[in-house]
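Everything below concerns the one structure shown next.
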Ligand SMILES: Nc1ncnc2c1ncn2[C@@H]1O[C@H](COP(=O)(O)OP(=O)(O)OP(=O)(O)O)[C@@H](O)[C@H]1O
Ligand SMILES: [Mg+2]
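In my numbering, the protein residues as written are 40 to 446.
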């Protein structure tokens with residue numbers, strides 16, 4: 040098998056990823072190879088390919104239409120589990136949602152119609168090759184171990200609320216708050232609750248919840264034109280302790296620009312059709328994606344740390360939101376690390392920002408302790424002042440028994 044893939048879109052440095060085509064029907068195999076150019080190795084079936092794998096070189100295997108049945112997809116899933124450096128793309132004669140779902144559940148990265156746009160297959164191979172080449176070897180995940188079902192599941196339709204957690208200052212506590220609030224809501228809700236990591240370059244929601252994602256938002260974007268709720272649902276990873284569903288950020292910062300504002304909003308809009316709450320963690324600056332999310336959100340939690348630079352930046356952030364005609368009723372101000380010890384008066388902060396604080400979260404060592412254990416603080420230290428503030432904030436969305444009593 041050749042060691043190199045070079046397509047017209049390839050970056051100047053060579054990507055050391057092998058490309059294989061697996062198809063039993065010789066003319067179809069030739070046709071697929073014709074779409075991919077030189078340096079591609081043909082195989083008649085997945086067993087032949089498996090016999091040649093060493094596990095040392097990343098391989099993108101393009102599976103032809105003859106592979107689009109359950110038995111072959113199962114076999115390819117088993118091979119991927121054994122060789123995590125292999126990724127597969129399925130080429131089919133005719134695309135159907137069910138086939139797409141079955142394939143993605145068997146760990147296939149993308150599914151394309153053979154009759155589709157010329158160049159689309161080479162681009163898909165390129166995209167998967169880049170991801171394999173850049174993914175740290177230890178972090179390469181085997182195929183998603185989700186059972187393949189014959190029937191696509193029906194998801195009950197809901198009209199969920201979108202809550203975006205934002206701050207104009209890095210380190211303000213957005214990820215701590217979004218993970219804990221999402222976990223708290225997931226525990227209280229009878230319907231699904233989802234957390235989306237829209238900090239596309241440096242998102243750490245998966246790390247903060249100790250999750251091993253098999254898919255990220257990049258996979259969702261790459262199949263967006265064929266997306267439906269069951270398919271989107273199958274790309275989410277579950278936080279077992281709370282039942283929270285999570286859409287993780289890309290594994291590498293380089294993939295961030297594959298997700299634009301329109302794609303992000305489309306994903307969030309589809310999530311809200313089957314999730315009661317969609318909580319979105321964001322980066323610490325305005326970009327198209329954040330602006331799109333703010334617009335699409337029912338509530339925006341603006342997080343401010345209790346120090347002068349934080350308050351200054353949040354004031355600028357508020358001015359920007361006003362300029363963008365964001366309805367101020369959407370905003371909830373959360374003051375984080377709001378202890379008396381920091382010598383900043385909460386009333387003064389509220390006057391400066393011209394809005395009242397909706398939640399005050401104290402500073403507590405249990406937060407970094409929880410983060411370092413990969414646990415949300417509401418589960419790690421449920422009785423702490425931090426957790427109680429987050430529980431009270433959650434009461435605004437789903438009152439707990441204690442919240443009802445407080446009211
Ligand atoms: N109330 C708190 N008490 C103590 N430590 C806190 C508190 N809130 C956040 N931290 C700590 O501050 C750090 C930054 O928090 P977090 O990652 O949630 O911020 P962020 O706004 O998401 O940052 P970024 O802009 O980098 O994404 C974390 O290490 C966390 O442990
Ligand atoms: Mg963060």
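Here a beta-carbon is modelled for each residue, glycine too, at the ideal position from N, C-alpha and C.
Nearest-angstrom Cα separation, counted from residue j out to residue i
| i | j | result |
| --- | --- | --- |
| residue 96 | residue 287 | 26 angstroms |
| residue 71 | residue 132 | 12 angstroms |
| residue 115 | residue 167 | 16 angstroms |
| residue 264 | residue 305 | 10 angstroms |
| residue 205 | residue 113 | 42 angstroms |
| residue 227 | residue 78 | 54 angstroms |
| residue 385 | residue 216 | 19 angstroms |
| residue 152 | residue 62 | 15 angstroms |
| residue 147 | residue 440 | 44 angstroms |
| residue 299 | residue 275 | 19 angstroms |
| residue 56 | residue 240 | 24 angstroms |
| residue 399 | residue 318 | 19 angstroms |
| residue 342 | residue 125 | 41 angstroms |
| residue 187 | residue 380 | Unreliable placement is indicated for residue 187, whose pLDDT of 37 sits below 50; the coordinate value is still reported in the next sentence. In a straight line, the C-alpha of residue 187 is about 55 angstroms away from that of residue 380. |
| residue 377 | residue 430 | 16 angstroms |
| residue 143 | residue 129 | 9 angstroms |
| residue 309 | residue 320 | 17 angstroms |
| residue 390 | residue 200 | 29 angstroms |
| residue 360 | residue 349 | 16 angstroms |
| residue 339 | residue 369 | 6 angstroms |
| residue 99 | residue 105 | 17 angstroms |
| residue 17 | residue 207 | Nothing can be reported for residue 17, as the shown portion of the chain is limited to 40 through 446. |
| residue 311 | residue 250 | 22 angstroms |
| residue 355 | residue 243 | 25 angstroms |
| residue 120 | residue 85 | 14 angstroms |
| residue 237 | residue 352 | 20 angstroms |
| residue 357 | residue 92 | 55 angstroms |
Under the three-state DSSP convention, the category residue i falls into
| i | result |
| --- | --- |
| residue 233 | strand |
| residue 341 | strand |
| residue 396 | strand |
| residue 149 | strand |
| residue 203 | strand |
| residue 250 | coil |
| residue 431 | helix |
| residue 140 | helix |
| residue 70 | helix |
| residue 239 | coil |
| residue 209 | coil |
| residue 415 | coil |
| residue 158 | coil |
| residue 227 | helix |
| residue 440 | helix |
| residue 166 | helix |
| residue 135 | coil |
| residue 195 | coil |
| residue 258 | helix |
| residue 328 | helix |
| residue 333 | helix |
| residue 76 | coil |
| residue 56 | coil |
| residue 421 | coil |
is_contact[residue i, chain C] using C-beta, thresh 9 angstroms
| i | result |
| --- | --- |
| residue 261 | Of the protein chains in this structure there is only one, and it is not chain C. |
Paired residues, beta bridge with residue i - DSSP
| i | result |
| --- | --- |
| residue 82 | 61 |
| residue 128 | 101 and 149 |
4-residue-minimum alpha helix (DSSP H) runs that sit fully inside the region 92-126, ordered along the chain: 109-121
Closer than 7 angstroms to ligand 1: residues, by C-beta to nearest heavy atom, in chain order: 206, 209, 210, 211, 212, 213, 214, 215, 216, 238, 241, 243, 320, 322, 323, 342, 375, 376, 400, 401, 402, 403, 404, 406, 407, 410 and 425
So within the region 262-326, which uninterrupted alpha helix (DSSP H) runs reach at least 4 residues, ignoring any that extend past its ends? 268-273 and 300-310
Mind pulling the beta strand (DSSP E) runs of 3 or more residues that sit fully within the region 351-404? 370-375 and 396-400
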